[in-house]
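Residue numbers (UniProt numbering): 1 to 410.
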């Protein structure tokens, strides 16, 4: 009776874990799908403000060969004019120079050096990310990608004024800042414009003509995709906040599920070790190899976590190391590709040859984990078929090596 009660308790615990997992999954929204990698991601420069500033400067310069003329500058100027008009209604005392009078861009610089950022001990050289200049005006752009704003804007402003042109400052950021963030000591301001504002302005004004080459459009598209990727986490913050909250509230249950998952994976790994050892194979790093080392033959099987997540059993049988080099590899692979091609669950079209190994066969069974059919029993049946049976695939491979005198000699 006690044993029966213990079994009932274990069944209830198992049921509770399943029930909790189902309930938690139902509460959690799907994870947001990550955008496909763009060129900036591949080059690992997506978070580098200097790289971002360089390509922006390229597009801002109408004299470059991108074929878009003053498209980016026109969009920036148009956004600034509209933004100042709105701000003057909400903040009537603010002061901005009239950017609407600024004409063509004649010069574009990046990382323009300026002195005067004073600390307690010395004066540091600082640089403005992008500087646009016309005949009688100058715009300094502080370009921010993720980093918080801690730049010496007053120093930048003093540098712009030193050019004896009408100055204008812009904070180009991912998300909007309050007007006070851009305020300077003399009452002027750096105007905040977001990257998304700029891209939308460019998209509204772009006119593709025959002068726009495929390369121009590729650069522009990749830049757009890079900026949009920075908004990925911002856009999905509410969704992720829900996930965080639900996981926090159900942390104990989730932790219990993870413990069960780990225990199940360890159980599978232990069974693999035990059953392979019955056939004279021992674990050697990621593989199982003959314990007597008579032949340099190895089984590779995916980790338990992969087997369970895919509900599929897949293993490769291969020669490795010195035996691989002493055997005519291509002949070996092609021989057994054809030899086992018609056997059930053998995937001989996927065999490969390399310096370290050559596949003899690949065996796969889908839906391997089934109720009322324990993993260990199914695993024993597989190895009995592959190793223990008369004229099994492994015995045929060993005979192939014997005939060619390819015993292990390492």
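Backbone N, C-alpha and C fix where the C-beta goes; we use that ideal spot for every residue, glycine too.
Query                                                                                                   : Result
C-alpha distance - residue 177 paired with residue 52, whole-angstrom precision                         : 20 Å
Per-residue burial, residue 169 [other beta carbons within 10 Å of its own, 16 or more giving buried]   : buried
Contact under 8 Å by Cβ, residue 99 with residue 81                                                     : yes
Local Cβ density within 10 Å of residue 352, reported as buried at 16 or more and exposed below that    : exposed
Residue 393 - DSSP class collapsed to helix/strand/coil                                                 : helix
Residues near residue 304 in its chain [Cβ-Cβ closer than 7 Å; skip 5 each side]                        : 265, 268, 269
Member of 182, 184, 171 whose CA lies at the smallest distance from the CA of residue 193               : 171
8 Å CB neighbourhood of residue 182 in its chain, flanking five on each side removed                    : 153, 169, 171, 189, 190, 191, 192
Nearest-angstrom Cα separation, counted from residue 376 out to residue 256                             : 24 Å
Three-way DSSP call (helix, strand, coil) for residue 108 in this model                                 : strand
Which listed residue (368, 79, 138) has its alpha carbon closest to that of residue 201                 : 79
Three-state class that DSSP yields for residue 190 in the structure shown                               : strand
Separation of residue 64 from residue 205, as counted between CA atoms                                  : 19 Å
Residue 250 and residue 167 closer than 8 Å at C-beta                                                   : no
Length of the line joining the Cα atoms of residue 141 and residue 61                                   : 14 Å
The segment 241 to 250 / the segment 357 to 365 touching (three or more Cβ pairs under 8 Å)             : no
The segment 275 to 295 in contact with the segment 327 to 346 per 3-pair CB rule at 8 Å                 : no
Burial state of residue 341, where buried means 16 or more other Cβ atoms lie within 10 Å               : exposed
Between the CA atoms of residue 287 and residue 57 - distance to the nearest angstrom                   : 54 Å
7 Å CB neighbourhood of residue 127 in its chain, flanking five on each side removed                    : 111, 112, 113, 114
Residue 184 (DSSP reduced to helix, strand or coil)                                                     : coil
Which listed residue (138, 92, 88, 109) has its alpha carbon closest to that of residue 101             : 138
For residue 274 and residue 283, the rounded distance between their alpha carbons                       : 10 Å
Through-space distance from residue 254 to residue 20, alpha-carbon basis                               : 8 Å
Residue 177 in three-state terms, based on DSSP                                                         : coil
Uninterrupted beta strand (DSSP E) stretches inside the segment 278 to 320 (no shorter than 3 residues) : 281 to 284, 287 to 290, 297 to 301, 312 to 320
Beta-carbon spacing of residue 220, residue 76 below 8 Å                                                : no
Given residue 383 as reference, the closest of 338, 300, 349 once Cα atoms are compared                 : 300
Closest Cα partner of residue 173 within the set 195, 380, 185                                          : 195
Reduced DSSP secondary structure (H/G/I, E/B, other) of residue 131                                     : strand
Beta-carbon proximity list for residue 350, same chain, < 7 Å, skipping 5 on both sides                 : 362
Identity of the residue in 370, 59, 381 nearest residue 278 by Cα                                       : 381
Separation of residue 369 from residue 317, as counted between CA atoms                                 : 22 Å
Neighbour-count burial assignment, residue 11, 16 or more Cβ in a 10 Å radius                           : With a pLDDT of only 45 at residue 11, under 50, the local geometry of the prediction cannot be trusted, and no value is derived from it.
Those residues which DSSP pairs with residue 359 across a bridge                                        : 318
Within 8 Å, strictly: CB atoms of residue 401 and residue 295                                           : yes
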